[in-house]
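Q: Its first residue numbered 1362, the sequence shown is counted upward by one per residue in the working numbering.
All C-beta atoms in this analysis are idealised placements derived from N, C-alpha and C, irrespective of residue type, glycine included.
Just dropping this structure here.
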Amino acid sequence: MKPFFTENVFKPTLWWLFCLNFPILASTQTKQVYKTAVIAFYNCENFYDTLNDPLSRDDEFTANGEKHYTANIYADKLEKIATVIARIGTDAKIKNPDGPAIMGLAEIENKNVLNDLITHPLLRNRNYNYVHFDSKDERGVDVALLYNPKYFKVEESKPLFVKMRGYYYTRDILWVKGRLDGEIIHIYVNHWPSRIGGEEQTEASRIIAARVLKDHMDSILKAEGSQKIVIVGDFNDDPVDKSITEILKAKENADAVPMFGLFNPFSNLYKKGLGSILNRDVWSLFDQIIVSYPWLNKKQNGFFFYQSLIFNPAFLTENTGRYKGYPMRTWDGNTYRGGYSDHFPVYIVLLKPAHP
């Protein structure tokens, strides 16, 4: 185990190293020792297998389809996604060699790709498991939750159906309840309807998704009282948009969050001009992680929110051509570019006092 910050060397007892299996932080101000946990989200951009599923519109992602999606391309895509997950949270100033304890994923076709992902050589030693339900999405993609059982134990899960107007189907919202190092927490994984057709024309669809999420969350709070909730996803809206600020009522300032309210730590990153996806040279921060009030108390014995980050290292970024500076995408139309995703992942760091 290595400390978060190397500038202040503090060696905890061997007993703590053996029992906790968490990286350690030694604060230069208080010499407090902390456990860490990383929660992340990644839109994987069209992570399909090569099999033709008659129940979804995946024909283009087959060998005979428009994209000529072969086993070699799939293997390369799998390697790219595994590489990103293997690196998140391990190479920042706050280091956790285990990477994400919990990770939401979007644009996942099915359990086939999830099984291939968690058994990939880059991730196999983490023993990831997952929660996934098939949805009725028009494109045949879903959301899923990866979790490391060393950190997180699943107790309940279910998909929340998002009913659109007419005959249009979108992704379900995934709800998972479990224990993070013994603490009950609730995770929601989202991939809300896109802006194809125009932002204003499609806003109502994202508001419908936001209300499904808010209604379920409110039912949990009513039944169980104040809870530790983490909402991750590609919302196809920025932190300042109506679905986030008016429906979810997520605040940009932690001090303004009421007891049953939400804090969006990605609001300030967005206001600084940072983003997770670039379109026509304009950054958007559609990928966000929102937390509930109980995470904000830094003097508690349980985990608390510490930091929000966008994972945007140089290897994930185009460095030449017309997409220079963009996330290195997998596809340009039907041309395979060999990139990772058109989105950058996002993640948060949680800390918890470790009392020797």
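#1: Determine the direct distance from the alpha carbon of I1449 to that of P1482, and round the result to whole angstroms.
#2: Considering only residues of the same chain and omitting the five flanking positions on each side of I1608, which have a CB-CB separation below 7 Å?
#3: Just tell me which of W1536, P1714 and Y1528 has its CA closest to the CA of L1507.
#4: Taking the alpha carbon of P1799 as the point to measure from, which residue in S1628, R1683 and Y1701 has its own alpha carbon closest?
#5: Helix, strand or coil for V1370 per DSSP?
#6: Quick check on the DSSP output: the alpha helix (DSSP H) that includes M1578 runs from which residue to which?
#7: Do P1458 and F1494 have their C-beta atoms closer together than 7 Å?
#8: Grab the span of the alpha helix (DSSP H) containing Y1528 for me, first residue to last.
#9: Given this structure, state the Cα-to-Cα distance separating I1650 from G1543, to the nearest angstrom.
#10: On a CA-only basis, which of A1447, D1419, Y1409 and K1524 is nearest A1565? Give me that one, please.
#11: Please name the residue, chosen from N1662, A1424 and T1678, that lies closest to N1413 on a Cα-to-Cα basis.
#12: From G1594 to K1472, what distance separates their C-alpha atoms?
#13: Report the three-state DSSP secondary structure of R1540 (helix, strand or coil).
#14: Who pairs with F1513 in a beta bridge, going by DSSP?
#15: Is it right to say M1620 is buried, meaning 16 or more other beta carbons lie within 10 angstroms of its own, or is it exposed?
#16: What number of angstroms, rounded off, separates the C-alpha of A1715 from the C-alpha of V1394?
#17: Under 6 Å: does the beta carbon of I1581 sit that close to some heavy atom of the ligand COA?
#18: Quick one: give me the first and last residue of the beta strand (DSSP E) that Y1687 is part of.
#19: Whole angstroms is fine: what's the gap from L1712's alpha carbon to F1422's?
#20: From I1442 to D1533, what does the alpha carbon distance come to, in whole angstroms?
#21: Entirely within the stretch 1390-1470 and at least 3 residues each: give me those beta strand (DSSP E) ranges in chain order.
#22: Please name the residue or residues paired with P1714 in a DSSP beta bridge.
#23: Does the beta-carbon of S1496 have 16 or more other beta-carbons within 10 angstroms, so that it is buried, or is it exposed?
#24: By the three-class DSSP mapping on this structure, what secondary structure does P1384 have?
#25: Quick check on I1548: buried or exposed, where buried means 16 or more other Cβ atoms within 10 Å of its Cβ?
#26: Do F1402 and G1460 have their C-beta atoms closer together than 7 Å?
#27: On the CB-based measure, 16 or more other CB atoms within 10 Å of its CB, does T1691 come out buried or exposed?
#28: When you compare only the Cα positions, how much space is there between K1610 and S1653?
#29: Just the C-alpha distance for I1469 and K1659, rounded to the nearest angstrom, thanks.
#30: Going along the chain, which residues of its own chain have a beta-carbon closer than 6 Å to the beta-carbon of A1467, five neighbours each way excluded?
#31: Count the other CB atoms within 10 Å of the CB of D1602; is the residue buried (16 or more) or exposed (fewer)?
#32: Considering I1479, what are the terminal residues of the beta strand (DSSP E) in which it resides?
#33: Please state whether DSSP places L1521 in a helix, a strand or coil.
#34: Based on DSSP bridge pairs, tell me the residues matched to N1490.
#35: Let's test the definition: count the other Cβ atoms within 10 Å of the Cβ of Y1430 and tell me whether it reaches 16, buried, or not, exposed.
A: According to the structure data:
#1: On the sequence shown, residue 1482 is found 121 positions in, with the first residue counted as 1. On the sequence shown, residue 1449 is found 88 positions in, with the first residue counted as 1. The C-alpha of P1482 lies about 16 Å from the C-alpha of I1449.
#2: Here residue 1608 refers to the residue found at position 247 when the sequence shown is read from its first residue. Counting only Cβ-Cβ distances below 7 Å, and skipping sequence neighbours, we find I1568, A1571, R1572 and K1575.
#3: Your numbering for residue 1507 matches position 146 in the sequence shown. Minimum Cα distance to L1507 is reached at W1536.
#4: In the structure as shown, the chain begins at 1362 and stops at 1717. Residue 1799 is therefore absent and cannot be evaluated.
#5: Along the sequence shown, read from residue 1 onward, the residue named residue 1370 stands at position 9. Below a pLDDT of 50, predicted positions are generally treated as unreliable, and V1370, at 28, falls in that range; the measurement from the model is reported next regardless. In the structure shown, V1370 sits in coil (DSSP, three-state: anything other than H, G, I, E or B).
#6: If you number the sequence shown from 1, residue 1578 lands on position 217. Note, M1578: alpha helix (DSSP H), E1560 to E1585.
#7: As a working note, residue 1458 is residue 97 in the sequence shown. As a working note, residue 1494 is residue 133 in the sequence shown. For P1458 and F1494, no; Cβs fall outside 7 Å.
#8: Translated into positions along the sequence shown, residue 1528 becomes position 167. Unbroken run through Y1528: none, as it is neither H nor E.
#9: Stepping through the sequence shown from its first residue, residue 1650 is reached at position 289. Stepping through the sequence shown from its first residue, residue 1543 is reached at position 182. Cα atoms of I1650 and G1543: separation of roughly 21 Å, rounded to the nearest angstrom.
#10: On the sequence shown, residue 1565 is found 204 positions in, with the first residue counted as 1. K1524 is the residue among A1447, D1419, Y1409 and K1524 whose C-alpha sits nearest the C-alpha of A1565.
#11: Along the sequence shown, read from residue 1 onward, the residue named residue 1413 stands at position 52. Measuring from the Cα of N1413, the nearest candidate turns out to be A1424.
#12: Along the sequence shown, read from residue 1 onward, the residue named residue 1594 stands at position 233. Along the sequence shown, read from residue 1 onward, the residue named residue 1472 stands at position 111. Between the alpha carbons of G1594 and K1472 lies a gap of roughly 19 Å.
#13: Here residue 1540 corresponds to residue number 179 of the sequence shown, with the count starting at 1. R1540 falls in the strand class under three-state DSSP.
#14: Translated into the one-based positions of the sequence shown, residue 1513 becomes position 152. For F1513, which the question treats as bridged, DSSP gives the partners L1541.
#15: Taking the sequence shown and counting its residues from 1, one reaches residue 1620 at position 259. By the 10 Å Cβ count, M1620 comes out exposed.
#16: Counted from its first residue, the sequence shown places residue 1715 at position 354. Counted from its first residue, the sequence shown places residue 1394 at position 33. Each residue's alpha carbon lies about 5 Å from the other.
#17: You won't find the ligand COA in this model; it holds no ligand whatsoever.
#18: Position 326 of the sequence shown holds residue 1687. Careful: Y1687 lies outside any beta strand (DSSP E) and carries neither H nor E.
#19: By 1-based counting over the sequence shown, the position of residue 1712 is 351. By 1-based counting over the sequence shown, the position of residue 1422 is 61. In a straight line, the C-alpha of L1712 is about 41 Å away from that of F1422.
#20: Taking the sequence shown and counting its residues from 1, one reaches residue 1442 at position 81. Taking the sequence shown and counting its residues from 1, one reaches residue 1533 at position 172. Looking at the two C-alpha atoms, the distance is approximately 22 Å.
#21: 1394-1408 and 1463-1469
#22: As a position in the sequence shown, residue 1714 is number 353, starting the count at 1. Per DSSP, Y1395.
#23: Sequence index remark: in the sequence shown, residue 1496 carries index 135 (1-based). Buried, because 16 or more other Cβ atoms sit within 10 Å of the Cβ of S1496.
#24: Mapped onto the sequence shown, residue 1384 falls at position 23. Residue placement at P1384 is flagged as unreliable, the pLDDT there being 44, under the threshold of 50; a coordinate-derived value is accordingly withheld.
#25: Position 187 of the sequence shown, counting from 1, holds the residue named residue 1548. Buried is the call here.
#26: Here residue 1402 refers to the residue found at position 41 of the sequence shown. Here residue 1460 refers to the residue found at position 99 of the sequence shown. With respect to the 7 Å criterion, F1402 and G1460 are not classified as neighbours on the basis of their beta carbons.
#27: Numbered from its first residue, the sequence shown carries residue 1691 at position 330. Around the beta carbon of T1691, 16 or more other beta carbons sit within 10 angstroms, so the residue counts as buried.
#28: Numbered from its first residue, the sequence shown carries residue 1610 at position 249. Numbered from its first residue, the sequence shown carries residue 1653 at position 292. Near 11 Å, if we compare the C-alpha coordinates of S1653 and K1610.
#29: Translated into the one-based positions of the sequence shown, residue 1469 becomes position 108. Translated into the one-based positions of the sequence shown, residue 1659 becomes position 298. Cα to Cα, the separation comes out at about 35 Å.
#30: In the sequence shown, the residue the question calls residue 1467 occupies position 106. The residues are N1404, V1504, H1552 and D1595.
#31: In the sequence shown, counting from the first residue as 1, residue 1602 sits at position 241. Result: buried.
#32: Translated into positions along the sequence shown, residue 1479 becomes position 118. For I1479, no beta strand (DSSP E) encloses it; the enclosing alpha helix (DSSP H) starts and ends at K1472 to I1479.
#33: For the purposes of this step, residue 1521 is identified with residue 160 of the sequence shown, where counting begins at 1. Note: L1521 maps to strand in three-state DSSP.
#34: What you label residue 1490 is simply residue 129 of the sequence shown in a count that begins at 1. Beta-bridge pairing links N1490 to Y1508.
#35: Counted from its first residue, the sequence shown places residue 1430 at position 69. With 16 or more other Cβ atoms within 10 Å, it is buried.
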